[in-house]
Amino acid sequence: MLRLPLTLLITASFLALAWFVSLRQSLLFLIGIGMGGILAGARFGFTTGWRRLIEQRDTSGVMAQIVLLAVAAVISIPLLAYFPNDLMAALGPPSVSLLVGAFVFGIAMQVADGCGSGTLYKAGLGIPLNMAILPMFALGSFLGSAHLSHWLSLGAIQPVGMVDSLGALPAVLLTFAGLAIAGLLAYGWSKRKTPDAAAAAPSPQARKNAAAPRWFNRRLAIAGIGLALLAVLNLVVAGQPWGVVYGFGLWGAKLATAAGLFDPTTNAFWSQPGNLHALEQTVFLDVTTITNIGIMAGALWIAARKAPGASRMTGQQWLIGIIAGFLLGYSSRLAFGCNVGAMVSGISTGSLHGWIWVVMAFAGSLIGVRLRRRYGF
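In the numbering used here, the protein residues as written are 207 to 583.
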């Protein structure tokens, strides 16, 4: 698609949202476009960054994510402290659901080569597997939300928010300390002697990188700062942190309800007043949906310049990838978010569950990269 027609279409969509829906939704659409443009333009991948650390001892992607989290936290936490009635943190309860969901998500995101935001922007780029994964992600997210109360009954405690518990300054300092420790652990991991790392790398260039891993990439760090600032804007405009997964689940719930296959009033999650209201109103009023659409539009705008090459996949790889996409949706709902909703938004707004999510998801990724290698992705 040519850039000019696409730009005109995006502009028309922005104006239509501003006129027929609300100015807030049109602004969130623009924020999503910026996010998608940065993710696709810089190839800023949460999943890829973790995989390169695990396989190639390349910390540049993880360091860029730490930069993102630091910038977002140092702005978001004071905002939450000063405007407690207008802004909300991304809080999730530490629970069995969180532990299982984050671990499974870590496995699935490596096999599917994308988390929530990665699936969106790669679908926007026109990558076939991610386009096929997107509806499975939505189905899994919907079913995960429908089953969430059963998982929470296995054991959960109240969400822990550092801003409310400690105040703004201690919360920022504690978050920075955690990020510093994460950075040191990543750097230490990159120094480990791994004679099989180069052999495991999928290409000659990757094998070269594995032999001499990098620890910092300026382009990715700048992209991380851009994403952090847009995440803060999302918080201010929407009144809630950047999220992805809820929008997917809402799409699935709307379709199931419209088809007469699901009664939200009998479900513990969807019968909650806010969720039931979201089902009853137009999807264009949902803040997560609007940014999700914006991310895909921003990635599509990047793809109009240079579309990525498509690799051939076997039938087995397609089947495994689609199953992984379903598990992405299901597990992310159990874990109260993906790399965006749980990690970026959770940590940057002072939620304990974001840190638990990272530990469990990284443990799952250690298995996921092996499965990915085994099946030739």
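Note that the Cβ used here is the ideal one computed from N, Cα and C, for glycine as well. Note that the structure is predicted; figures quoted are calculated from it, not measured.
Check whether the Cβ atoms of residue i and residue j lie closer than 8 Å to each other.
i      : j      : result
Trp563 : Ala548 : yes
Leu297 : His559 : yes
Ile526 : Tyr581 : yes
Cys321 : Phe252 : yes
Met337 : Thr497 : no
Gly173 : Val442 : Nothing in the structure corresponds to residue 173, since the chain is present only between 207 and 583.
Leu439 : Ile237 : yes
For residue i, I'd like the list of residues in its chain whose CB is within less than 6 Å of its CB, leaving aside the five on either flank, ordered along the chain.
i      : result
Gly346 : Phe532, Gly535 and Tyr536
Val227 : Phe490
Leu375 : none
Ala352 : Asn473
Ala314 : Ala530, Leu533 and Leu534
Ala509 : Leu331 and Gly332
Leu229 : none
Ser551 : Ala296, Pro447 and Trp448
Ser554 : Leu275, Ala278, Ala279 and Ser282
Ala287 : Val369 and Ala374
Arg209 : Ala510
Report back the beta-carbon spacing between residue i and residue j to the nearest angstrom; my notes put them in contact at under 8 Å.
i      : j      : result
Val369 : Ala295 : 6 Å
Phe311 : Gly455 : In fact, because the Cβ distance is near 14 Å, the residues do not count as touching under 8 Å.
Val493 : Gln446 : 7 Å
Val546 : Ser323 : 5 Å
Phe235 : Phe220 : 6 Å
Gly556 : Ala278 : With a Cβ gap of about 11 Å, Gly556 and Ala278 do not count as contacting.
Tyr327 : Leu245 : 4 Å
Trp421 : Ser266 : 6 Å
Can you grab the Cα-Cα spacing for the pair residue i / residue j, in whole Å?
i      : j      : result
Ala404 : Val268 : For Ala404, the predicted model reports a pLDDT of 43, less than 50, meaning its position is unreliable; a value from the coordinates is still stated below. Roughly 19 Å separates the two Cα atoms.
Val565 : Leu331 : 30 Å
Ile499 : Ala567 : 26 Å
Gly243 : Phe468 : 36 Å
Gly255 : Trp225 : 40 Å
Val305 : Ala541 : Contrary to the premise, residue 305 reads as Leu rather than Val in this sequence. Rounded to the nearest angstrom, the two C-alpha atoms are 7 Å apart.
Gly389 : Leu335 : 32 Å
Gln262 : Ser396 : 8 Å
Leu426 : Val280 : 19 Å
Thr213 : Gly361 : 49 Å
Ile272 : Leu461 : 37 Å
Ser538 : Arg424 : 30 Å
Trp561 : Val302 : 15 Å
Gly247 : Ala329 : 14 Å
Met519 : Gly453 : 29 Å
Ala406 : Gly373 : Note that Ala406 scores a pLDDT of 48, beneath 50, so its modelled location is shaky; the value from the coordinates is reported in the next line. Cα to Cα, Ala406 sits roughly 46 Å from Gly373.
Ala218 : Arg398 : 52 Å
Asp319 : Asp264 : 17 Å
Thr463 : Leu482 : 11 Å
Ile573 : Leu223 : 43 Å
Ala569 : Thr488 : 38 Å
Trp457 : Ile363 : 29 Å
Ala459 : Tyr393 : 42 Å
Phe583 : Leu577 : 9 Å
Thr471 : Leu391 : 46 Å
Ala270 : Leu380 : 19 Å
Leu285 : Arg579 : 43 Å
Gln231 : Gly480 : 18 Å
Pro644 : Ala386 : Nothing about residue 644 can be reported from this structure: the residues present for the chain run from 207 to 583 only.
Phe309 : Pro211 : 42 Å
In or out: residue i buried (at least 16 other Cβ within 10 Å) or exposed?
i      : result
Ser355 : exposed
Leu259 : buried
Gly430 : buried
Pro300 : buried
Phe475 : buried
Ser371 : exposed
Thr495 : buried
Leu485 : buried
Asn291 : exposed
Gly584 : Because residue 584 is not part of the residues shown, which for the chain are 207 to 583, the question remains open.
Phe289 : exposed
Gly307 : buried
Leu433 : buried
Gly466 : exposed
Gln478 : exposed
Excluding the 5 residues flanking residue i on each side, which residues of the same chain have their C-beta closer than 8 Å to its C-beta?
i      : result
Ile239 : Ile216, Gly500, Ile501, Ala503, Gly504 and Trp507
Gly367 : Ala295, Leu297, Thr555, Gly556, Ser557 and Leu558
For residue i, I'd like the list of residues in its chain whose CB is within less than 7 Å of its CB, leaving aside the five on either flank, ordered along the chain.
i      : result
Leu233 : Val443
Phe343 : Thr325, Phe454, Gly531, Leu534 and Gly535
Val575 : Arg257, Ile260, Glu261 and Gln316
Trp357 : Val302, Ser303 and Leu540
Leu340 : Thr325 and Ala329
Give a single yes or no on whether residue i has its beta carbon closer than 7 Å to a heavy atom of the ligand ATP.
i      : result
Gly504 : Although the ligand ATP was asked about, the structure shown includes no ligands whatsoever.
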